[in-house]
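All remarks here apply to the structure that follows.
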Amino acid sequence: MAKERLSLRVNGAVREVEADPATPLIYILRGPCGLTGVKLGCGLEQCGSCAVLIDGEPTLCCNRPVGEVAGKEIVTVEGLARNGALSPVQTAFVEEGAAQCGYCTPGIVIAATALLRKNKSPSEADIIAALHPHLCRCGSHPRVLKAIRRVVQEGRADAV
Amino acid sequence: MPYSESIEKHPGLDQWLAITPQGDIKVHTGKVDIGQRISTALQLIAAAELDVDPARIEVLRPQTGVSPNEGTTSGSHSMEMTGEAVRLAVATARAYLLKLAAEKLDTDIAALEVNDGVIRASGTNKSVSYAELAGGKPFGIDVDTDAKIKDEDAYRALDGTLRPRFIEDIVTGAHTYIHDLTVPGMLHARVVRPPHIHARLNGLDDATVKALDGAGLKVIIDGSFVAVAGEDEYEVVKAAERLFETADWDRGSGLDAGDIYEQLLTNPRESWPVVDGKPQDAPVPAPLTPPGKTAAVIAKQFTRPYIMHGTIGPSAALAEFDGKKLRITTHSQSIYPVRTSIADALQMKVDDVILTHGLGAGCYGHNGADDAAFDAAVIARALANMPVLLKWTRADEHAWEPYGTAMAIKVSASLDDTGHVLAWDHESYANTFSGRPVAAKDKTGARRLLASRFRKDFCGEPFEFPKPRPNMGSHGGIHRNMDPLYAFPERRLIKNLVHEMPMRTSALRALGGYGNVFAIESMMDILAEEAGIDPVEFRLKHMKDKRARDVIVAAAEKFGWGGERAEGTGSGTGHGFGFARYKNAKAYAAVAFEVFVDDAAKVHLKRAVVGVDASQVVDPEGLTVQMEGGVVQAASWTLYEQVTYDSGGVTSRDWESYPILRFDNVPEVETVIVPRPGERFLGAGEATQGPTAGALGNAIYNAIGVRPYRVPFTPEAIKAAAME
Chain A
-10 MAKERLSLRV NGAVREVEAD PATPLIYILR GPCGLTGVKL GCGLEQCGSC AVLIDGEPTL
50 CCNRPVGEVA GKEIVTVEGL ARNGALSPVQ TAFVEEGAAQ CGYCTPGIVI AATALLRKNK
110 SPSEADIIAA LHPHLCRCGS HPRVLKAIRR VVQEGRADAV
Chain B
745 MPYSESIEKH PGLDQWLAIT PQGDIKVHTG KVDIGQRIST ALQLIAAAEL DVDPARIEVL
805 RPQTGVSPNE GTTSGSHSME MTGEAVRLAV ATARAYLLKL AAEKLDTDIA ALEVNDGVIR
865 ASGTNKSVSY AELAGGKPFG IDVDTDAKIK DEDAYRALDG TLRPRFIEDI VTGAHTYIHD
925 LTVPGMLHAR VVRPPHIHAR LNGLDDATVK ALDGAGLKVI IDGSFVAVAG EDEYEVVKAA
985 ERLFETADWD RGSGLDAGDI YEQLLTNPRE SWPVVDGKPQ DAPVPAPLTP PGKTAAVIAK
1045 QFTRPYIMHG TIGPSAALAE FDGKKLRITT HSQSIYPVRT SIADALQMKV DDVILTHGLG
1105 AGCYGHNGAD DAAFDAAVIA RALANMPVLL KWTRADEHAW EPYGTAMAIK VSASLDDTGH
1165 VLAWDHESYA NTFSGRPVAA KDKTGARRLL ASRFRKDFCG EPFEFPKPRP NMGSHGGIHR
1225 NMDPLYAFPE RRLIKNLVHE MPMRTSALRA LGGYGNVFAI ESMMDILAEE AGIDPVEFRL
1285 KHMKDKRARD VIVAAAEKFG WGGERAEGTG SGTGHGFGFA RYKNAKAYAA VAFEVFVDDA
1345 AKVHLKRAVV GVDASQVVDP EGLTVQMEGG VVQAASWTLY EQVTYDSGGV TSRDWESYPI
1405 LRFDNVPEVE TVIVPRPGER FLGAGEATQG PTAGALGNAI YNAIGVRPYR VPFTPEAIKA
1465 AAME
């Protein structure tokens, strides 16, 4: 496939890239865009490491052709902090120590952010459903759940 | 202070510690941080002993030739080895600095106080800082193994002051793993794997190779080891797939896909009696005869399958060969042994191979990291002066990492009519857990590296895979935690190292301790029921070790054992208990679990309580997280996991064919730490693996009256157990 000039909107900025539109978005984000917070775990949309927001929807980008997302608003984990301050979800993950090796964490932070932007008082079932695409091998799950509950309980979901 | 192996090998204080002219403290360690927070614990140790703000302390990433050689980060040794060594090193430094300060300030050492690295003569304005005394200068003294270390209060004063190292970078995506590294001129690389471990390359498709060559990609062929490298990562991914699809493979007779548990019991094997945790070079005694007062003999068989490490980020390594030196960034847990193994395999001088630890994804054990380092080394050697970032694919990691070995365990116990165990007979059958590359004269380490099997030439001699060697150490691999801590008057313990097994295996968190403790703790439950005694009481009845008793009681009390114990058979909700002291020498851990088993035999994890005694604790939060993570990982192994394969190769190639626990089955986990101020550190990282499996099996039995003897406890397995 021939390369094309594509215009992407990533973390609030416009990025012009030359790419085969069939290339999975993750290679563009991690490569030319330098956003390595987006992690490749499986390339099969099975583990959640590569989650990003596309027009506000949590999306696994390891198999999503870049040509399909041109013009859409893409947000990666690097785009969540505001004016250098951690987002409420990021803050709660730090407070609860909700990571061990941390490889799966950016994807989970994205999923939690997407959930709380839509639903300020999610039920336990809502939280679990939002995290279902995500795997963790170190067993940080109990802390992740605590961190998300903490954002809700402490009324910090409004600022997510 | 007792003997420190690390200090004996590296006695110089400068090998452990440096103070910069700005007063920052650099700590060297040979142990790597794989998410278990060892570097946070070391930071706290240095802060407590030196009286400096933890923020001033940096624990440096291990590098060969620079860091102390502390072998492999494994076996729950890190706090006991590097934790104690760093503690002695910083305590030595403190005493040395106070002595210098007393001379400089013309006062007694006893009159000095330290606040964030500034030493002041009390009641005066006179002060001098660590930086002024020793900044940028070598200490030039040895670590004093009798150095006075601080009592526990100094550590408790730091509780809650320090976030886990790197966590802010982790949540913002700034934490740089090896996968994320970029260096000028770097090529991406992938290996083209054969269909299975016995397959060999007849040849690649010429047209495919030519086309890739024309597109500027580099194809590396070394016997049956094939790789492709290029500037554009996704082009390399596609090229590797194309090369695999068009290659001509000799698949031979395929993998032996016979019944694994039958193979474990019938294949050729070597056997040893185990006494006090150690295999003996002695004949295997006959099974125990039930003693005279025996009222009941109960014999059961337990199994666990091949289980994978299953790291979420497939292994990676960055390598560059400049014509003489080979530099590799790796997430290996064994940088020194792997350096020697790679040097041996490539017939290079050890000093010309430099390994630096970089970040990888966690998993706790010997995953693909070491093999990826060697893959990258082979490719970099073929492409001199070009840095190569090699990544394994998801299928590479699933199908090619060295698994935790399958086991079959037979236990037979004699019980008297007062509910006492009189005799205990335990035989474990497994292939090796010792598959890590090790430095050895016969190049065992080099042979254990995956690519060695496929390269054309192994150091000018025919490649032979080394027959697994028995680990004869105390609580080594297969016999780890085979010897119960309980007071059984007679015991016969047999280690069986089984050969000619189909899968490549190595160290997975807790090694044989996971299967052995699952068997022991299931038996304790079975025997308690036979004796008509509550399972926790039954354990206490057989336990003389006070620290073990305290941990069992702490977990049971916090859990509310007994009072709310489920009514038992048929209610669907069940409580189960498990206990072990890891290797009978490290942390004590008891796990109480509540589960609900639904009508479809699916096990829902409700809550778990862990009781733990890890001696004096440096970082209670870090210990707690290790306990939680251990319970969750072990629960995942126990409920969901087994590697599958057929004659064509491994069929567990992704997260659908090898499912693990997801967020819909996460228990609440509560940890109770039994404090032991002043006691020498005990490693805790693997303590919950076996007790969790035991507690889960027991909880399922308590819930529905069906006992699972085979890991994993899938709905199908539980239904099958109900029919037996």
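Here the protein sequences line up with chains A and B, keeping their order. Quick note on my numbering: the first sequence kicks off at -10 and runs consecutively. Quick note on my numbering: the second sequence kicks off at 745 and runs consecutively. The beta carbon of each residue, even a glycine, is placed where N, CA and C say it ideally should be.
For residue i, the nearest candidate out of the options (CA to CA)
{"i": "residue 1405(B)", "options": "35(A), 50(A) and -7(A)", "result": "35(A)"}
{"i": "residue 1273(B)", "options": "1219(B), 1161(B) and 1287(B)", "result": "1161(B)"}
{"i": "residue 1469(B)", "options": "98(A), 115(A) and 8(A)", "result": "Only positions 745 to 1468 of chain B appear in the structure, and residue 1469(B) is not among them; the question remains open."}
{"i": "residue 144(A)", "options": "108(A), 128(A), 29(A) and 23(A)", "result": "108(A)"}
{"i": "residue 825(B)", "options": "785(B), 1164(B), 1024(B) and 1451(B)", "result": "785(B)"}
{"i": "residue 51(A)", "options": "74(A), 17(A) and 129(A)", "result": "17(A)"}
{"i": "residue 1046(B)", "options": "1152(B), 897(B), 932(B) and 1394(B)", "result": "1152(B)"}
{"i": "residue 761(B)", "options": "780(B), 779(B), 778(B) and 812(B)", "result": "812(B)"}
{"i": "residue 949(B)", "options": "921(B), 795(B), 988(B) and 977(B)", "result": "988(B)"}
{"i": "residue 1421(B)", "options": "1025(B), 1055(B) and 1359(B)", "result": "1359(B)"}
{"i": "residue 815(B)", "options": "952(B), 1180(B) and 1140(B)", "result": "1180(B)"}
{"i": "residue 95(A)", "options": "846(B), 917(B) and 1408(B)", "result": "917(B)"}
{"i": "residue 1009(B)", "options": "1335(B), 1245(B) and 1271(B)", "result": "1245(B)"}
{"i": "residue 1101(B)", "options": "847(B), 769(B), 1137(B) and 1113(B)", "result": "1113(B)"}
{"i": "residue 1427(B)", "options": "1395(B), 1367(B), 1408(B) and 1397(B)", "result": "1367(B)"}
Cβ-Cβ distance between residue i and residue j below 8 Å
{"i": "residue 839(B)", "j": "residue 891(B)", "result": "yes"}
{"i": "residue 213(A)", "j": "residue 48(A)", "result": "Absent from the model: residue 213(A). The displayed extent of chain A is -10 to 149, so no value can be given."}
{"i": "residue 1060(B)", "j": "residue 923(B)", "result": "yes"}
{"i": "residue 804(B)", "j": "residue 772(B)", "result": "yes"}
{"i": "residue 1258(B)", "j": "residue 1048(B)", "result": "yes"}
{"i": "residue 865(B)", "j": "residue 877(B)", "result": "no"}
{"i": "residue 1074(B)", "j": "residue 1103(B)", "result": "no"}
{"i": "residue 1418(B)", "j": "residue 1298(B)", "result": "yes"}
{"i": "residue 39(A)", "j": "residue 15(A)", "result": "yes"}
{"i": "residue 1134(B)", "j": "residue 1150(B)", "result": "no"}
{"i": "residue 998(B)", "j": "residue 1392(B)", "result": "yes"}
{"i": "residue 1433(B)", "j": "residue 1253(B)", "result": "yes"}
{"i": "residue 1455(B)", "j": "residue 1354(B)", "result": "no"}
{"i": "residue 1319(B)", "j": "residue 1443(B)", "result": "yes"}
Cβ neighbours of residue i in the same chain (closer than 7 Å, five flanking residues each side left out)
{"i": "residue 767(B)", "result": "800, 861, 873, 874, 875 and 879"}
{"i": "residue 745(B)", "result": "Residue placement at residue 745(B) is flagged as unreliable, the pLDDT there being 49, under the threshold of 50; a coordinate-derived value is accordingly withheld."}
{"i": "residue 756(B)", "result": "886"}
{"i": "residue 748(B)", "result": "828, 829, 832 and 889"}
{"i": "residue 106(A)", "result": "45 and 149"}
{"i": "residue 1268(B)", "result": "1279, 1282 and 1283"}
Other residues of its chain near residue i: CB distance less than 6 Å, five sequence neighbours each side excluded
{"i": "residue 1064(B)", "result": "1071, 1124 and 1131"}
{"i": "residue 127(A)", "result": "89 and 90"}
{"i": "residue 1034(B)", "result": "1041 and 1158"}
{"i": "residue 913(B)", "result": "919"}
{"i": "residue 898(B)", "result": "792"}
{"i": "residue 1083(B)", "result": "808, 1097 and 1099"}
Span of the alpha helix (DSSP H) around residue i
{"i": "residue 954(B)", "result": "950 to 958"}
{"i": "residue 94(A)", "result": "94 to 107"}
Residue interval of the beta strand (DSSP E) (run including residue i)
{"i": "residue 1388(B)", "result": "Per DSSP, residue 1388(B) belongs to no beta strand (DSSP E) and is neither H nor E."}
{"i": "residue 133(A)", "result": "From DSSP, residue 133(A) is part of no beta strand (DSSP E) but of the alpha helix (DSSP H) over 130 to 142."}
{"i": "residue 1436(B)", "result": "Note, residue 1436(B): premise wrong, no beta strand (DSSP E); alpha helix (DSSP H) at 1433 to 1448."}
{"i": "residue 1168(B)", "result": "1165 to 1174"}
{"i": "residue 1045(B)", "result": "1038 to 1048"}
Residue(s) in a DSSP beta bridge with residue i
{"i": "residue 8(A)", "result": "-7(A)"}
{"i": "residue 859(B)", "result": "862(B)"}
{"i": "residue 1023(B)", "result": "1018(B)"}
{"i": "residue 71(A)", "result": "74(A)"}
{"i": "residue 1339(B)", "result": "1318(B) and 1349(B)"}
{"i": "residue 1135(B)", "result": "1060(B)"}
{"i": "residue 807(B)", "result": "1100(B)"}
{"i": "residue 971(B)", "result": "935(B) and 964(B)"}
Beta-carbon proximity list for residue i, same chain, < 8 Å, skipping 5 on both sides
{"i": "residue 1203(B)", "result": "1088, 1089, 1091, 1187 and 1190"}
{"i": "residue 1122(B)", "result": "964, 966, 969, 971, 1090, 1195 and 1199"}
{"i": "residue 78(A)", "result": "69, 98, 101, 102, 105, 136, 137, 140 and 149"}
Proximity test, residue i beta-carbon vs the ligand GTP heavy atom, cut-off 7 Å
{"i": "residue 759(B)", "result": "By its list of ligands, the structure shown contains no ligand whatsoever, and the ligand GTP lies outside what it can speak to."}
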